[in-house]
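> With this note's numbering applied, the sequence shown corresponds to residues 15 to 297, in that order.
Note that CB positions come from ideal geometry on N, CA and C, so glycine has one too.
Just so we're clear, the structure is a prediction, and the values are computed from it rather than from any experiment.
Pasting a structure below so you can have a look.
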Amino acid sequence: MQTVTLNNGIKMPIIGFGVYQIPNAEECENAVYEALMTGYRLIDTAAGYLNEEAVGRAIKRSGVPRKELFITTKLWVQDADFESAKLAFSKSLNKLQLDYLDLYLIHQPFGNYYGAWRAMEDMYREGKVKAIGVSNFLPDRLMDLIVHNEILPAVNQVETHPFYHQIDSAAFMKEQGIQHQSWAPFAEGLNNMFGNDALVSIAEKHNKSVAQVVLRWLVQRGVVVIPKSVRKERIVENFNIFDFELSEGDIEQISTLDTGESLFLSYRDPEVAKMMGNWRVEL
Ligand code: NAP
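The following block contains the structure:
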């Protein structure tokens with residue numbers, strides 16, 4: 015398994031399996047089980063996905079030794095506070111049937127995430143979590159968090175795909191020693207990503223699928239990927255990206271697809287802050 019080394023020395027698989035938008039418990043459990051049987055060792059869930067229990071059952075069913083796994087979950091906005099974060103963390107651990115977590119992320123840069131970060135620093139020092147990080151933080155928010163706290167985030171998980179390369183954010187994260195992780199590597203299929211002419215022609219040249227080309231492109235950039243699928247053949251396909259290499263020409267072609275903008279939402283939009291702040295999750 016190819017890994018990246020985080021700023022605290024912890025090794026993280028460069029490819030994992032994401033479980034956003036798999037609300038059906040049985041479907042989620044089976045998908046995670048298939049992923050683990052395929053060889054994935056990183057599983058990315060969140061309190062907000064409401065499927066941590068199904069992930070926990072799949073982990074148990076798989077029989078994969080705990081030390082081989084890298085399990086990530088995330089703290090939702092309503093729990094972004096010192097005390098609430100500690101409570102939410104122990105609820106997530108219980109649901110996952112784990113006694114420690116590999117990576118705990120602040121899901122969104124909203125609410126009292128400074129209080130939450132200090133609670134996470136405590137959990138990290140107590141050994142309850144191997145690494146702590148954030149998600150959806152733009153460089154200015156990241157720098158503010160860094161300046162006012164002791165522990166540097168290990169990871170920032172942000173939307174990154176062929177239509178949104180995150181060039182400036184990626185350079186900033188690299189400079190700070192924060193690992194870039196992509197969410198929605200396939201842009202959830204938006205913009206007809208799987209039928210994009212440039213991606214299809216690169217895929218045909220390498221005798222690979224568009225999905226494999228996209229994941230390979232991210233991995234070659236040193237970005238950790240967590241593609242989601244509920245279909246066994248795609249779970250396997252998405253994992254098989256280590257037997258070919260994209261050329262500089264391929265990468266140049268993909269660089270022309272960057273729009274420099276999110277396909278989903280802007281973290282500078284007050285309506286997004288309002289929507290996230292009002293979004294309650296039953297824990
Ligand atoms: P994604 O991985 O970009 O796309 C998933 C979509 O692509 C699904 O519709 C899936 O359909 C399809 N797909 C998967 N493999 C395929 C293949 N080989 N060929 C054709 N279609 C394929 O979207 P995502 O799930 O939103 O993002 C990945 C993970 O990132 C999430 O699961 C979650 O863990 C994380 N995430 C984090 C945040 C955040 O705010 N931190 C936000 C979004 C996502 P089928 O399932 O039917 O195969």
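1) Between which residues of its own chain and Ala201 is the CB-CB distance below 6 Å, once the five residues before and five after are set aside?
2) I'd like the ranges of any beta strand (DSSP E) spanning at least 3 consecutive residues and lying wholly in the region 167-231.
3) Please name the residue in Leu232, Ile29, Asp272 whose C-alpha comes closest to that of Asn205.
4) Would you please state the rounded distance, in angstroms, between the beta carbons of Lys109 and Glu66? I believe it to be under 8 Å.
5) Helix, strand or coil, according to DSSP, for Asp257 in the structure here?
6) Is DSSP giving Thr52 helix, strand or coil here?
7) Looking at Gly203 and the ligand NAP, is the gap between the Cβ and the nearest heavy atom below 7 Å?
8) Where does the unbroken alpha helix (DSSP H) through Asp264 begin, and where does it stop?
9) Quick one: what does DSSP say Ile57 is sitting in, helix, strand or coil?
10) Using DSSP with H/G/I as helix, E/B as strand and the rest coil, what is Lys288?
11) Which residue from Asp116, Asp58, Asn292, Gln92 puts its Cα closest to that of Arg80?
12) Let me make sure I understand the geometry here. Which of Tyr281, Ala217, Thr270 has the alpha-carbon closest to that of Glu251?
13) May I have the straight-line CA-CA distance separating Asp58 from Tyr34, to the nearest angstrom?
14) Determine whether the beta carbon atoms of Asn170 and Val148 lie at a separation below 8 Å.
15) Any heavy atom of the ligand NAP closer than 7 Å to the CB of Phe200?
16) Can you tell me which of Ser196, Ile120, Asp182 puts its alpha carbon nearest to the alpha carbon of Pro167?
17) Identify the continuous beta strand (DSSP E) that holds Ile160 and give its terminal residues.
18) Are there 16 or more other CB atoms within 10 angstroms of the CB of Ser280, so buried, or fewer, so exposed?
19) With three or more C-beta pairs closer than 8 Å as the rule, is the region 220-240 touching the region 254-262?
20) Does Lys105 come out as helix, strand or coil in the three-state DSSP assignment?
21) Comparing alpha-carbon positions, which option in Ile28, Gly23, Val46, Val286 lies nearest Ile249?
22) Please find out if some non-hydrogen atom of the ligand NAP comes closer than 7 Å to the beta-carbon of Pro241.
23) By Cβ distance, which residues of its chain are closer than 8 Å to Asn21, with the 5 residues on each side in sequence left out?
24) From Met187 to Val238, what distance separates their C-alpha atoms?
25) For Ala102, collect the residues of the same chain with a Cβ closer than 8 Å to its Cβ; drop the 5 residues on either side in sequence, then sort them by chain order.
26) Classify Gly125 as helix, strand or coil using the three-state DSSP reduction.
27) Do Pro199 and Pro241 have their CB atoms nearer than 8 Å?
28) With a threshold of 7 Å (Cβ to nearest heavy atom), would Ser223 be considered close to the ligand NAP?
If we stick to the structure as given:
1) Counting only Cβ-Cβ distances below 6 Å, and skipping sequence neighbours, we find His175, Phe177, Met207, Leu277.
2) Within the region 167-231, the complete beta strand (DSSP E) runs of at least 3 residues are 169-173, 193-197.
3) Looking at the Cα atoms, Asp272 is the closest of the given residues.
4) Here Lys109 really is in contact with Glu66; their C-beta atoms are around 4 Å apart, less than 8 Å.
5) Reduced to three states, the DSSP call for Asp257 is coil.
6) In this structure, Thr52 counts as helix in the three-state DSSP scheme.
7) Checking the 7 Å criterion, the Cβ of Gly203 is within range of a heavy atom belonging to the ligand NAP.
8) Start and end: 262-269.
9) Ile57 falls in the strand class under three-state DSSP.
10) Three-state DSSP puts Lys288 in a helix.
11) The shortest Cα separation from Arg80 among Asp116, Asp58, Asn292, Gln92 belongs to Asp116.
12) When the alpha-carbon of Glu251 is set against those of Tyr281, Ala217, Thr270, the nearest one is in Ala217.
13) Roughly 8 Å between the two C-alpha positions.
14) Judged by their CB atoms, Asn170 and Val148 are nearer to each other than the 8 Å cut-off.
15) Yes, Cβ of Phe200 sits closer than 7 Å to a heavy atom of the ligand NAP.
16) Per the Cα distances, Ile120.
17) Premise fails: Ile160 lies in the alpha helix (DSSP H), 153-161, not in any beta strand (DSSP E).
18) Ser280 is exposed by the Cβ-count criterion.
19) The region 254-262, when compared against the region 220-240, does touch it at the 8 Å Cβ threshold.
20) Lys105 sits in a helix when the DSSP states are folded into three classes.
21) Comparing Cα-Cα distances from Ile249 to each of Ile28, Gly23, Val46, Val286, the minimum goes to Val46.
22) Annotation for Pro241 indicates a beta carbon within 7 Å of some heavy atom of the ligand NAP.
23) Correct list, in chain order: Leu166, Ala168, Gly191, Ile192, Gln193.
24) Rounded to the nearest angstrom, the two C-alpha atoms are 13 Å apart.
25) Excluding positions up to five away in sequence, the list reads Ala61, Leu89, Trp90, Asp93, Leu297.
26) Of the three classes helix, strand and coil, the one that applies to Gly125 here is coil, per DSSP.
27) Yes, the Cβ-Cβ distance between Pro199 and Pro241 is below 8 Å.
28) Correct: Ser223 has its Cβ closer than 7 Å to the ligand NAP.
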